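Each step along the sequence shown adds one to the number in the working numbering, with nothing skipped, and position 59 is 626.
The beta-carbon is built from N, C-alpha and C at its ideal position, and this holds for glycine as well.
Quick caveat, the model's predicted, so the values are computed rather than measured.
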Amino acid sequence: MCGLSKFITVLLIVFLGACSGPRHFEPVQPASSDEGVLYIYRPKADNPGVQPLRYSYPDMILDGESVGVLKFKTYKHLRLRPGKHLLKATGLTEQASWEEKDKELQFDIQPGEIKYLKLSVQYNLSEMDLLQPGARYLLYITPVDAKAALYEIRDTNPE
Numbered sequence: 568m569c570g571l572s573k574f575i576t577v578l579l580i581v582f583l584g585a586c587s588g589p590r591h592f593e594p595v596q597p598a599s600s601d602e603g604v605l606y607i608y609r610p611k612a613d614n615p616g617v618q619p620l621r622y623s624y625p626d627m628i629l630d631g632e633s634v635g636v637l638k639f640k641t642y643k644h645l646r647l648r649p650g651k652h653l654l655k656a657t658g659l660t661e662q663a664s665w666e667e668k669d670k671e672l673q674f675d676i677q678p679g680e681i682k683y684l685k686l687s688v689q690y691n692l693s694e695m696d697l698l699q700p701g702a703r704y705l706l707y708i709t710p711v712d713a714k715a716a717l718y719e720i721r722d723t724n725p726e
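In structure tokens form, the structure reads like this:
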């Protein structure tokens, strides 16, 4: 019986250690006054249970150039010149593992600005029923204000 209680104690310690609190996130600041910083992130979905497209990932194309794939619960930051930019999430490159249609967002970044763009992947529950094969998704690239983004990014990992 003593061995069983030690085993249970060890299991509790391991499981409780894995349940650590939220992490701290400190955004990278622009290196100079003539650049901005863009954060692109993909948090978990709002729905409970299985996460949509968890093992699929798009290639992120910024102004016609790949900046790498964006996997589930990850983020990346990029230093940009001020002005208008176009960000696209696509599955039409070799490194992507993404069957969904491309999503694009044109945005403007100011000198010294830190901008946050979220790739939101949700189940489209209004178009799904038990008799229908396959899931349906809602996909958006959305600008997010800094306060909200910091809470979401801290639960993701750098890419």
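Rounded to the nearest angstrom, how far is the Cβ of residue i from that of residue j, given a contact under 8 Å?
i: residue 708; j: residue 672; result: 4 Å
i: residue 603; j: residue 680; result: 4 Å
i: residue 601; j: residue 649; result: 7 Å
i: residue 710; j: residue 674; result: 7 Å
Using the Cα positions of residue i and residue j, report the straight-line distance between them to the nearest angstrom.
i: residue 661; j: residue 688; result: 21 Å
i: residue 643; j: residue 683; result: 10 Å
i: residue 724; j: residue 645; result: 15 Å
i: residue 618; j: residue 678; result: 36 Å
i: residue 715; j: residue 702; result: 28 Å
i: residue 616; j: residue 594; result: 29 Å
i: residue 633; j: residue 704; result: 24 Å
i: residue 609; j: residue 690; result: 14 Å
Would you check whether the ligand GTP has a heavy atom nearer than 8 Å to the C-beta of residue i?
i: residue 644; result: With respect to the ligand GTP, the structure offers nothing, as it holds no ligand at all.
Put residue i into one of helix, strand or coil per three-state DSSP.
i: residue 719; result: helix
i: residue 693; result: helix
i: residue 612; result: coil
i: residue 713; result: helix
i: residue 660; result: coil
i: residue 626; result: strand
i: residue 640; result: coil
Short of 6 Å in beta carbon distance, which residues of its chain neighbour residue i, apart from the five on each side in sequence? Order them along the chain.
i: residue 670; result: 656, 706 and 708
i: residue 726; result: 641 and 643
Quick one: what's got a C-beta closer than 7 Å to residue i's C-beta in the same chain, skipping five residues either side?
i: residue 663; result: 624, 625, 626, 636 and 657
i: residue 630; result: 652 and 653
i: residue 592; result: 717, 720 and 721
CB residue i to CB residue j, shorter than 9 Å?
i: residue 730; j: residue 620; result: With the chain running from 568 to 726 in the structure shown, residue 730 is simply not present.
i: residue 628; j: residue 686; result: no
i: residue 614; j: residue 698; result: no
For residue i, collect the residues of the same chain with a Cβ closer than 8 Å to its Cβ; drop the 5 residues on either side in sequence, then sort them by chain order.
i: residue 666; result: 623 and 658
i: residue 598; result: 646
i: residue 611; result: 618, 639, 640 and 722
i: residue 596; result: 604 and 681
Are the C-beta atoms of residue i and some chain B residue less than 9 Å apart?
i: residue 675; result: Here chain B cannot be found, since the structure has a single protein chain.
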